[in-house]
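There are 2 protein chains.
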Amino acid sequence: MIAIHTVDWVPPFARGLLRDLRLRWALEEAGLPYKMKFVPLMGRDGPDWRALQPFGQIPVYEEGGKTMFETGAILLHLATKSAALSPAEADAKNEMTTWLFAALNSVEPQLQAIVMHDRFHRDKDWYQGARDGVEEIAKKRLGDLASVLKDREFIAAGRFTVADIAMTTVLRIVMHTDLVESFAPLGAYKARIEARPAFQKALAAQLADIDAHAPQS
Amino acid sequence: MIAIHTVDWVPPFARGLLRDLRLRWALEEAGLPYKMKFVPLMGRDGPDWRALQPFGQIPVYEEGGKTMFETGAILLHLATKSAALSPAEADAKNEMTTWLFAALNSVEPQLQAIVMHDRFHRDKDWYQGARDGVEEIAKKRLGDLASVLKDREFIAAGRFTVADIAMTTVLRIVMHTDLVESFAPLGAYKARIEARPAFQKALAAQLADIDAHAPQS
Chain A
1 MIAIHTVDWV PPFARGLLRD LRLRWALEEA GLPYKMKFVP LMGRDGPDWR ALQPFGQIPV
61 YEEGGKTMFE TGAILLHLAT KSAALSPAEA DAKNEMTTWL FAALNSVEPQ LQAIVMHDRF
121 HRDKDWYQGA RDGVEEIAKK RLGDLASVLK DREFIAAGRF TVADIAMTTV LRIVMHTDLV
181 ESFAPLGAYK ARIEARPAFQ KALAAQLADI DAHAPQS
Chain B
218 MIAIHTVDWV PPFARGLLRD LRLRWALEEA GLPYKMKFVP LMGRDGPDWR ALQPFGQIPV
278 YEEGGKTMFE TGAILLHLAT KSAALSPAEA DAKNEMTTWL FAALNSVEPQ LQAIVMHDRF
338 HRDKDWYQGA RDGVEEIAKK RLGDLASVLK DREFIAAGRF TVADIAMTTV LRIVMHTDLV
398 ESFAPLGAYK ARIEARPAFQ KALAAQLADI DAHAPQS
């Protein structure tokens, strides 16, 4: 049985953004059964969790007594298990892998920098200057991505793949801004991919799990 | 024949840091023949290069008339071609893939943020505040990585893999600081892996190619 380990609860700003969404979504697309396991939000610095995830992040993937971390690695592993997630042909798989890495290594860091500034540094006297700097870089990267997506339904290989899961969840992390929607091809792509039933089911499940673990007030 | 496309020249601060080093190194470890192809440093915004690399970055990998970008994707592709780069057993391969993504998605962005500040923002009035912020996050990540590497010769699977190529080249990007060496297990790991003949050969080749294309003064 596959299990996804994640935190039991997060504050409102992180609802729908926890990276376990990538794995829930892939497993829903593939029709593979899985269960959820929860670590307390403040338990991620303990030795048990660090043994599973050395950086104290979530999620962790478990299968047959073995665990993996890094959602990119886990998505590629899941891609080997289901034709719903990956093409079979070698060149098409290479294109999928290329764009999975592009999402996580060439787009996410630029968007995550905006998130870090907006969530943790808004009160600093250097916020606006630094924030303008990271937004300029993010816009350049998103503009390049829009030039690709204006002619494509999916990001790679002419079909839905784990690269779309990575790219769409990356674009979601700046949902507190209108940055993505300011590039029409990106807003359309995100809306199109998010309309998939497997995404909607995975998102609803994440939100329900967070609500079920809400602290008693 | 495999070809690596990269820029013909870079200013001194980027010598030995160009990401084509990852591919040269992997190909030297594997003993696979390859040739280099060069794009002018200022030619990366042209339509020919953008058709190969939509973000205007380097390197691009070419094999059998097909191209790929994103060094992480290319390293995983090369890992399928040589036992010198990857274990064969499935769990060991998953561990390698996990740490390859960890290098590129959980360590590189934090170190790259330092590079961006030091190279492009040192003259801004918000530099020091923002720089302190990114250094704090980078140190936390490097401390977590040191806790793992204090007990390991290689980062994954008990042997040299493409994950070591990714992690070592990521640690190199802050070589203008003593950040990596301030964590003893990281400094020792980096020195140990960089001592490999294939790395030395790849690095020397990158530097020689840059010198050969130096602008006439």
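So the protein lines, in turn, are chains A and B. Start counting the first sequence at 1; every next residue gets the next number (this note's numbering). Start counting the second sequence at 218; every next residue gets the next number (this note's numbering). Every residue, glycine too, gets a C-beta built ideally from N, C-alpha and C. Keep in mind it's a predicted model, so treat the numbers as computed, not measured.
Measuring alpha carbon to alpha carbon, tell me which of the options ends up nearest residue i.
i: K298/B; options: I219/B, L269/B, E287/B; result: I219/B
i: R231/B; options: T284/B, D381/B, Y344/B, Q329/B; result: Residue identity differs from the one stated: residue 231/B is Ala in this sequence, not Arg. Minimum Cα distance to A231/B is reached at Q329/B.
i: P414/B; options: T223/B, L235/B, R239/B, E246/B; result: E246/B
i: K66/A; options: Q57/A, A79/A, L78/A, L52/A; result: L52/A
i: V115/A; options: M42/A, A191/A, L17/A; result: L17/A
i: M36/A; options: E95/A, D132/A, A205/A, G56/A; result: A205/A
i: Q240/A; options: R19/A, W25/A, Y34/A, D8/A; result: Nothing about residue 240/A can be reported from this structure: the residues present for chain A run from 1 to 217 only.
i: A138/A; options: L171/A, L23/A, A188/A, W9/A; result: L171/A
i: L145/A; options: M175/A, D211/A, A130/A, S182/A; result: S182/A
i: A195/A; options: V180/A, D164/A, V107/A; result: D164/A
i: A405/B; options: S323/B, V365/B, H393/B, E287/B; result: V365/B
i: H393/B; options: L240/B, H334/B, F318/B, A431/B; result: H334/B
i: A296/B; options: Y251/B, E280/B, H430/B, M313/B; result: M313/B
i: R267/B; options: G281/B, M285/B, Y251/B; result: M285/B
i: H213/A; options: P40/A, L23/A, R119/A; result: P40/A
i: G360/B; options: A347/B, V324/B, V391/B, Y344/B; result: V324/B
i: R171/B; options: D262/B, A300/B, I275/B, D395/B; result: An answer regarding residue 171/B cannot be provided, because it is not within the stretch 218 to 434 covered by chain B.
i: V174/A; options: I193/A, E135/A, D211/A, R152/A; result: E135/A
i: V180/A; options: Q110/A, Q57/A, R119/A, N94/A; result: Q110/A
i: N274/A; options: N311/B, P402/B, I372/B, H294/B; result: The question about residue 274/A has no answer here: the residues shown for chain A are numbered 1 through 217.
i: W316/B; options: R336/B, D340/B, L244/B, R369/B; result: R369/B
i: R236/B; options: Y251/B, T386/B, P402/B, D262/B; result: T386/B
The alpha helix (DSSP H) spanning residue i covers which residue range?
i: A319/B; result: Per DSSP, A319/B belongs to no alpha helix (DSSP H) and is neither H nor E.
i: K418/B; result: 414-429
i: A252/A; result: This structure leaves residue 252/A out entirely; chain A is present only between 1 and 217.
i: A220/B; result: From DSSP, A220/B is part of no alpha helix (DSSP H) but of the beta strand (DSSP E) over 219-224.
i: R239/B; result: 237-247
Under a Cβ-count criterion, where at least 16 other Cβ atoms within 10 Å of its own Cβ denotes burial, should residue i be classed as buried or exposed?
i: G289/B; result: buried
i: A425/B; result: exposed
i: P228/B; result: exposed
i: P47/A; result: exposed
i: G350/B; result: buried
i: Q433/B; result: exposed
i: M167/A; result: buried
i: K150/A; result: exposed
i: K140/A; result: exposed
i: R348/B; result: buried
With residue i as the anchor, note down where its beta strand (DSSP E) starts and where it stops.
i: E279/B; result: 277-280
i: V256/B; result: 251-256
Anyone know if the C-beta pair for residue i and residue j falls short of 8 Å?
i: L220/A; j: V162/A; result: Given that chain A is displayed from residue 1 to residue 217, the structure contains no residue 220/A and the question cannot be resolved.
i: L249/B; j: A419/B; result: no
i: H5/A; j: V60/A; result: yes
i: A90/A; j: A157/A; result: no
i: V224/B; j: F272/B; result: no
i: E70/A; j: F318/B; result: yes
i: G346/B; j: W126/A; result: yes
i: L240/B; j: I291/B; result: yes
i: I372/B; j: W226/B; result: no
Give me the chain D residues within the contact set of residue i, using Cβ-Cβ distance strictly less than 9 Å, ordered along the chain.
i: T378/B; result: Looking at the structure shown, chain D is missing, and the protein chains on hand are A and B.
Item to check | Whole runs of the beta strand (DSSP E) within the segment 308-395 of chain B, excluding any shorter than 3 residues | outcome: none
Checklist entry - Enumerated in chain order, which unbroken segments of the alpha helix (DSSP H) with a length of 4 residues or greater are wholly contained in the segment 43-82 of chain A? => result 47-52, 71-79
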